[in-house]
Every structure is written in structure tokens, then in C-alpha cells.
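Here is the structure we will look at.
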Amino acid sequence: MTIQTSVQTPITQAHIDFYRENGFVQVDDMITPGELAELREYLEEAMKSDGDRAVHTDKQGGLYYRVLNQKVNVWRDHAGMGRYTSHPRFAESARLLAGASGMRLFHDHGLWKMPGDSKATPWHQDTPYWPVNEKNPRMMSLWLTLDDVDERNGCMAFVPKSNRLGKLKGIDLADPQNIFDYVEGGQADAQKPVVVPLKAGSCTFHDGLTFHYAHANATDRPRRVLAIIYMPDGVTYNGDAHVVTDDAGLEKDRPIAGPRFPLLARED
Ligand SMILES: O=C(O)CCC(=O)C(=O)O
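Those letters in the sequence shown? Residues 9 to 276, by my numbering.
See the structure below:
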């Protein structure tokens, strides 16, 4: 049975228990077939658009581009993407899983793995890249796939409970270090990674501290994903440079808030 709040979500108590135990969870059919068709159209447009607010992190031919063709904050250039990125169903799902009283948007990104010369996304945590003071901010990502994914075209894998190892070092995704070298006593090796194939329109949520990986895309078509990063209301800015917080008028050591970081879900 799904959890009853004023916003309808597919989240059950089993999802919440699994997420809190393991640091990630799979949620099937997050969007309807009609929404999937619309979202594919919008994200295709947003990835190709010349809008000047979203940030394309690398050009075709670049080392990073082989790992990810990534565009950050597509919601700021495309009204349709704005509607999906701020969707109450997604944000309320994230809030329920995290057990937060309110959930803000940190950013969205189109994450495409291009065919041809594709590289895996190496094992990493997300939290070390984010300019926040909290060591365990309980920030999280929704990773919503617009294509069926498995090991041939870039599905994700997670190390269960690895979020309990705390914040380690940021990995260079284009020239990666081995994150397992940073784990004292090799605890993470004891837990086998779980590979998560998904149907288009389904998603995973993962905690920013959970080790995750995505396979290379060995097919001849892009793997298209919309990822949305949420933060519990009250997470504070540490003043470090970051493409999403630079020029956003934030004050060091104060909660991240304001129009670029809208509150998308709150407890009834
Ligand atoms: O899509 C990928 O290849 C990796 C995604 C990822 O690392 C993330 O969403 O945090």
C-alpha cells in the first residue's frame, strides 16, 4: 500500500525501509506512458537548446563527454522540463524516503550516455562534490530513465549500505581513482554491488553518500536519463565554488534557499 499524504506517490513502507537500510531503492513506473513520451520530447529539446542558463559540462569529443553528455539545470531553460523537475510526485517521494520535513531542489541534469566511444561512470559518491557543510546532508538523487536500461547500455549499480562509510574523496569521473582504496579495512568490498536494470519510466533514488556506478553504453543509441538532486530544507552552503551555487546570491554557512532552490515538498 502506498503511503498516504496530500500528494500521491508510488512510495510504500517497503520502499522507505529498503532505502533507509541500503542507501538506494528502485521505484517502478514513476511516470505514466503519456508522461514518458512527453518527457522524452522535452529532454531531447532541452539537451539541444541554446538556452544560456543550463550548463553543458563538456563538448562532444571531450574525455568527460565519453562518460556523460551532461547538461545541468535544464529546468532553467525549458518550461516543460521545469514542470517535470519540480513535479510534486517526485519531490514528495524523495521527502518520504529521506524522512525530511521539507525537500528543496538542488539541481536537475540530463545525463546521456552516448553510443560510440562510451566509458563507464566510475564508482563514486555524490556528496563530496556538493558545496554544503553537513557531512551527511541526506541529499539524494532521483535517476529516472527514459530508455530501458541494463548492463549493455548504462544501467546503474549500487553498493548497499556504503552510505554508512561517511563522506570520502570526490572521484575524477573522467580519470578515476579507485574509491575502494579510500575505504578503511575494505568494508565496502564485503558488500556485493547490486546491478539495477530498469524499464523506461522507472527510477532509482540514491543517497549522496552511496557508492554507485553506471555501465558503459555499448549500444548504438543514447541512454537518456533525467536526474534530480534534492536536499532537505535547512542544508547550509559552505561557500565553495560549484556550477549550481556560483552567482546564486547564497551566504556562506546559511541555509541554501531562494528561487533557484525551491521548496518542492513539505510535510502535511
Ligand atoms: O548516469 C550515470 O551514468 C551516472 C549517474 C550518477 O552518477 C548520479 O546520478 O549520481
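Backbone N, C-alpha and C define an ideal beta-carbon position, used for all residues, glycine too.
May I have the straight-line CA-CA distance separating residue i from residue j, to the nearest angstrom?
i, j, result
"Y50", "N30", "32 Å"
"T65", "Y72", "8 Å"
"A99", "M239", "10 Å"
"M38", "T212", "9 Å"
"D180", "N225", "19 Å"
"T10", "V202", "24 Å"
Does residue i get closer than 8 Å to chain B when you measure Cβ to Cβ?
i, result
"M9", "This model lacks chain B altogether, as it is built from one protein chain only."
Thinking just about the alpha-carbon of each residue, which of the options is nearest to the one in residue i?
i, options, result
"M55", "G88, R103, Q78, H95", "Q78"
"D241", "M89, A273, Q199, P130", "A273"
"R160", "W138, S149, S126", "S126"
"A102", "M89, T13, G178", "T13"
"D156", "P230, P263, D248", "P230"
"G42", "Y92, L181, H250", "Y92"
"L44", "D248, S210, L258", "S210"
"E275", "A108, V33, E259, H117", "A108"
"M147", "M164, A182, L105", "L105"
"H117", "E259, D189, S149", "S149"
Could you pull out every residue in the same chain whose Cβ sits closer than 7 Å to the Cβ of residue i, ignoring the five residues on either side in sequence?
i, result
"H115", "V80, N81, I237, V252"
"N141", "T244, N246, D261"
"E53", "H86"
So is residue i buried or exposed if we call it buried at 16+ other beta carbons inside 10 Å?
i, result
"V167", "buried"
"V35", "buried"
"R74", "buried"
Closer than 6 Å by C-beta to residue i: which residues in its own chain qualify, once you throw out the five before and the five after it? Chain order, please.
i, result
"L76", "L119"
"L171", "Correcting the residue identity first, residue 171 is Asn in this sequence and not Leu. The answer, listed in chain order, is G31, D215, L217, T218."
Please work out which residues of its chain come closer than 8 Å, Cβ to Cβ, to residue i, disregarding the five sequence neighbours upstream and downstream, and give them in chain order.
i, result
"S94", "W83, L113, P270, L272"
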